[in-house]
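Student: Have a look at the structure that comes next, please.
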Amino acid sequence: MPDYTYNALDDRGAPVSGRVAAPGRAEAIAQLAARKVYVTDLDAPDGEASAGQAASPLSWRRKLSPRLRASMLQQLATALKAGLPLLSALRVIEQQSDSRAAGRLARSLADDVQAGQSLSEAMAARPREFKPLEVSMVRVGETAGVLDDVMNYLADFAERDVEVRNQIRSAATYPVFVLSLAAVSVVVIVAVILPRVMGAVTDEVTAAALPLPTRMLLALSAALRHYGWAMALGAAGALAGFRAWVARPEGRYALDRFKLRIPVLGGAIRKIAVARFARTLGTLSKSGIQILEALDVLRGTLGNEALARRIDEVSAQITRGESIAEPLRQTGDFPPLLIQVIAMGERTGRLDELLLQTASAYEKDTAAAIGRVMTLLPGVLIVLLALVVVFILSGVLLPIIEMQTALPGM
906 MPDYTYNALD DRGAPVSGRV AAPGRAEAIA QLAARKVYVT DLDAPDGEAS AGQAASPLSW
966 RRKLSPRLRA SMLQQLATAL KAGLPLLSAL RVIEQQSDSR AAGRLARSLA DDVQAGQSLS
1026 EAMAARPREF KPLEVSMVRV GETAGVLDDV MNYLADFAER DVEVRNQIRS AATYPVFVLS
1086 LAAVSVVVIV AVILPRVMGA VTDEVTAAAL PLPTRMLLAL SAALRHYGWA MALGAAGALA
1146 GFRAWVARPE GRYALDRFKL RIPVLGGAIR KIAVARFART LGTLSKSGIQ ILEALDVLRG
1206 TLGNEALARR IDEVSAQITR GESIAEPLRQ TGDFPPLLIQ VIAMGERTGR LDELLLQTAS
1266 AYEKDTAAAI GRVMTLLPGV LIVLLALVVV FILSGVLLPI IEMQTALPGM
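In terms of the working numbering, the sequence shown opens at residue 906 and continues consecutively.
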């Protein structure tokens, strides 16, 4: 069994070193962690790569998955809560990470911190891995001396985001598959099969005498056969134009405003934003961050530009001496319960406590709202497919039925 030489920190943050016998790196790190010894450097036996090193020199360039990001943030929050210095915490994550990409990222952050940069500066230099919101919150945490609390919040936020993504992806997989298959089937039927089936009918009946659904189907079939390439290019161009429009601030605002007005879905989007608002403001208030600074940070958590602009309006009114509750009420975009909770928190000095309790309640409502949307989606899909099938069948069968009724003796 090989021996590993290690440098580490104990549970009080004091440096320790020694040797440990283990079958592999993971087992060595696990043995030391069980003794509350957190590895910062592990020298592997000859012929074995050191912990945290990637097999590929380009592995650090791969963007971390949302799940790995959430896991890394949680590890960093736990290490900071345990009292480890930031640099030591990053070295521990580098050594203990099961992901080579995460280990490389932790190492690069640690190297920058060791070179004199702050964590927020190191994160800002990696925009593919860290969102502007995370950089802003870490910068606030560094300034206020509450980096451990902020990292804990970011870890929880990332974990909830992963859970919501997985819930939506799981519920939407089957409907998306069915819808895609149906779309391909309709194109094949209309462009290939329908012209052959309808050939005999159109030979017997003039085009003007055909029922409206049949004329529409034949026109669509001819368009797909003769101008399908142009339609595909037009659709691609429209999609590219839409994405460019959404990338602009006004386009993003208009789209997000429209989302809030969609029945059922708009309510779920609003609940998600309100839960994030309450959780973020409660966490920052608990950490001693001023309201204006907290509002500036949390606007990026809402995921909706229309609501973010309402926060800007609230901030402008607060700078003129108003409380936060009344400007929020005037926007008309935030629920009365949240506004009442904020007003009570301002009066009693328990704003952070009440907001965090309210956030938990809204997060439960959010999960239920997403569940309702995902439950309704298959039903809506079935109705849409049924309408398409009825339209195609009516276009094919109506002229046949009319021909039969027009024949003598029938």
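Backbone N, C-alpha and C fix where the C-beta goes; we use that ideal spot for every residue, glycine too.
Looking at C-alpha atoms only, which residue of 1221, 1236 and 907 is the closest neighbour of residue 1212?
Tutor: The sequence position of residue 1212 within the sequence shown is 307, counting from 1. Nearest option by C-alpha distance: 1236.
Student: Check residue 912 in the structure and name its three-state DSSP category.
Tutor: What you label residue 912 is simply residue 7 of the sequence shown in a count that begins at 1. Reduced to three states, the DSSP call for residue 912 is strand.
Student: Is the separation between the beta-carbon of residue 1126 and that of residue 1095 shorter than 7 Å?
Tutor: Counted from its first residue, the sequence shown places residue 1126 at position 221. Counted from its first residue, the sequence shown places residue 1095 at position 190. Going by C-beta atoms, residue 1126 is nearer than 7 Å to residue 1095.
Student: With DSSP run on the structure shown, which of helix, strand or coil describes residue 1041?
Tutor: Taking the first residue of the sequence shown as position 1, residue 1041 is located at position 136. DSSP places residue 1041 in helix when its eight states are reduced to three.
Student: Go ahead and label residue 1132 buried or exposed: buried means 16 or more other beta carbons lie within 10 angstroms of its beta carbon, across all protein chains shown.
Tutor: Mapped onto the sequence shown, residue 1132 falls at position 227. So residue 1132 ends up on the exposed side.
Student: What does DSSP give as the partner residues of residue 926 in its beta bridges?
Tutor: The residue given as residue 926 occupies position 21 in the sequence shown. Paired residue(s): 908.
Student: For residue 962, count the other beta carbons within 10 Å of its own beta carbon; 16 or more makes it buried, fewer makes it exposed. Which is it?
Tutor: Within the sequence shown, numbered from 1, the residue matching residue 962 stands at position 57. Model confidence at residue 962 stands at a pLDDT of 39, short of 50, so the residue's coordinates are unreliable; what they give is reported in the following sentence. It is exposed - the Cβ of residue 962 has fewer than 16 other Cβ atoms within 10 Å.
Student: Would you check if the distance between the CB atom of residue 1243 and the CB atom of residue 1179 is smaller than 7 Å?
Tutor: The sequence position of residue 1243 within the sequence shown is 338, counting from 1. The sequence position of residue 1179 within the sequence shown is 274, counting from 1. Yes; because the gap between Cβ atoms is below 7 Å, this pair is in contact.
Student: Leaving aside the five residues before and after residue 1024 along the sequence, list all residues of the same chain whose C-beta is less than 8 Å from its C-beta, in chain order.
Tutor: Stepping through the sequence shown from its first residue, residue 1024 is reached at position 119. Excluding residues within five positions, the ones whose Cβ falls inside 8 Å are 991, 1014, 1018, 1043, 1047 and 1052.
Student: Just verifying my parser: in three-state terms, what is the DSSP assignment at residue 1051?
Tutor: Looking up residue 1051 in the sequence shown gives position 146. The answer is coil: DSSP assigns residue 1051 none of H, G, I, E or B.
Student: Which of the three DSSP states, helix, strand or coil, is assigned to residue 958?
Tutor: Here the question's residue 958 lines up with position 53 in the sequence shown. Caution applies to residue 958, whose pLDDT of 43 falls short of 50 and renders its modelled position unreliable; the model cannot decide the point.
Student: Could you tell me the alpha carbon to alpha carbon distance between residue 1010 and residue 1291, rounded to whole angstroms?
Tutor: The sequence position of residue 1010 within the sequence shown is 105, counting from 1. The sequence position of residue 1291 within the sequence shown is 386, counting from 1. Computed Cα separation, rounded: 50 Å.
Student: Over the uninterrupted alpha helix (DSSP H) stretch that includes residue 1227, give me the two end residues.
Tutor: Counting from 1 along the sequence shown, the entry for residue 1227 is found at position 322. No alpha helix (DSSP H) contains residue 1227, which DSSP labels as neither H nor E.
Student: Among 1045, 1067 and 1099, which residue has its Cα nearest to the Cα of residue 1193?
Tutor: Taking the sequence shown and counting its residues from 1, the one referred to as residue 1193 is at position 288. Measuring from the Cα of residue 1193, the nearest candidate turns out to be 1045.
Student: Which residue comes first and which comes last in the alpha helix (DSSP H) that contains residue 971?
Tutor: Residue 971 sits at position 66 when you count from the first residue of the sequence shown. 971–986 is the extent of the alpha helix (DSSP H) around residue 971.
Student: Classify residue 1000 as buried or exposed, calling it buried when 16 or more other Cβ atoms lie within 10 Å of its own Cβ.
Tutor: In the sequence shown, the residue the question calls residue 1000 occupies position 95. Residue 1000 is buried by the Cβ-count criterion.
Student: Could you tell me whether the segment 1116–1124 touches the segment 1295–1304, where touching means 3 or more Cβ pairs closer than 8 Å?
Tutor: Counting Cβ pairs under 8 Å, three or more are found: they touch.
Student: Could you round the C-beta distance between residue 909 and residue 939 to whole angstroms and report it? I think they count as a contact, below 8 Å.
Tutor: Against the sequence shown, residue 909 aligns to sequence position 4. Against the sequence shown, residue 939 aligns to sequence position 34. Wrong, their Cβ atoms sit about 15 Å apart, outside the cutoff.
Student: Just the Cα atoms here: how many angstroms apart are residue 1089 and residue 1099?
Tutor: In the sequence shown, residue 1089 corresponds to position 184, counting from 1. In the sequence shown, residue 1099 corresponds to position 194, counting from 1. Taking the straight line from one Cα to the other gives about 14 Å.
Student: Residue 1263 and residue 1183: beta carbons closer than 7 Å?
Tutor: Numbered from its first residue, the sequence shown carries residue 1263 at position 358. Numbered from its first residue, the sequence shown carries residue 1183 at position 278. In this structure, residue 1183 lies closer than 7 Å to residue 1263 by Cβ.
Student: In angstroms with no decimal places, state the Cα-to-Cα distance between residue 1050 and residue 1285.
Tutor: On the sequence shown, position 145 is the one that residue 1050 refers to. On the sequence shown, position 380 is the one that residue 1285 refers to. Straight-line Cα distance between these residues: approximately 50 Å.
Student: Pair every Cβ in the segment 978–996 with every Cβ in the segment 1056–1066, then say whether three or more of these pairs are closer than 8 Å.
Tutor: Result yes; three or more Cβ-Cβ pairs closer than 8 Å.
Student: Considering just the uninterrupted stretch of the alpha helix (DSSP H) at residue 1192, what are its terminal residues?
Tutor: Taking the first residue of the sequence shown as 1, we reach residue 1192 at position 287. First-last for residue 1192: undefined, no H or E at that position.
Student: By a C-beta neighbour count over all protein chains shown, 10 Å radius and 16 as the cutoff for buried, is residue 1298 buried or exposed?
Tutor: As a position in the sequence shown, residue 1298 is number 393, starting the count at 1. Under this definition residue 1298 is an exposed residue.
Student: Would you list, in sequence order, the uninterrupted alpha helix (DSSP H) runs of no fewer than 4 residues that lie entirely inside the segment 992–1044?
Tutor: Entirely contained in the segment 992–1044, the alpha helix (DSSP H) runs reaching 4 residues are, in chain order, 1005–1019 and 1024–1029.
Student: Output the boundary residues of the alpha helix (DSSP H) element that contains residue 1247.
Tutor: To locate residue 1247, count along the sequence shown from 1; it is residue 342. 1241–1253 is the extent of the alpha helix (DSSP H) around residue 1247.
Student: With DSSP collapsed to three states, give me the class of residue 1154.
Tutor: Here residue 1154 is taken as the residue at index 249 of the sequence shown, counted from 1. Helix, per DSSP.
Student: Given residue 1091, which residues of its chain have a CB within under 8 Å of its CB, disregarding the five upstream and five downstream residues?
Tutor: The residue given as residue 1091 occupies position 186 in the sequence shown. Answer for residue 1091: 1293 and 1297, listed in chain order.
Student: Once DSSP output is grouped into helix, strand and coil, what is the label at residue 1168?
Tutor: Mapped onto the sequence shown, residue 1168 falls at position 263. Reduced to three states, the DSSP call for residue 1168 is coil.
Student: For residue 1220 versus residue 1200, is the C-beta spacing smaller than 7 Å?
Tutor: If you number the sequence shown from 1, residue 1220 lands on position 315. If you number the sequence shown from 1, residue 1200 lands on position 295. Yes. Within cutoff.
Student: Can you name the residues that DSSP bridges to residue 1293?
Tutor: Residue mapping note: residue 1293 aligns to position 388 of the sequence shown, counting from 1. Answer is none; residue 1293 lacks a bridge partner.
Student: Does any heavy atom of the ligand COA sit closer than 6 Å to the C-beta of residue 1229?
Tutor: Among the components of this structure there are no ligands whatsoever, and the ligand COA is therefore not found.
Student: Beta carbon of residue 968, beta carbon of residue 1033: below 7 Å?
Tutor: Translated into positions along the sequence shown, residue 968 becomes position 63. Translated into positions along the sequence shown, residue 1033 becomes position 128. Closer than 7 Å, so yes.
Student: Under the three-state reduction of DSSP, which class applies to residue 963: helix, strand or coil?
Tutor: What you label residue 963 is simply residue 58 of the sequence shown in a count that begins at 1. Confidence at residue 963 is low in this model, with a pLDDT of 39, below 50, so its placement is unreliable and no value can be given for it.
Student: Do residue 1261 and residue 1246 have their C-beta atoms within less than 7 Å of each other?
Tutor: As a first step, residue 1261 must be located in the sequence shown, where it is residue number 356. As a first step, residue 1246 must be located in the sequence shown, where it is residue number 341. Contact: no.
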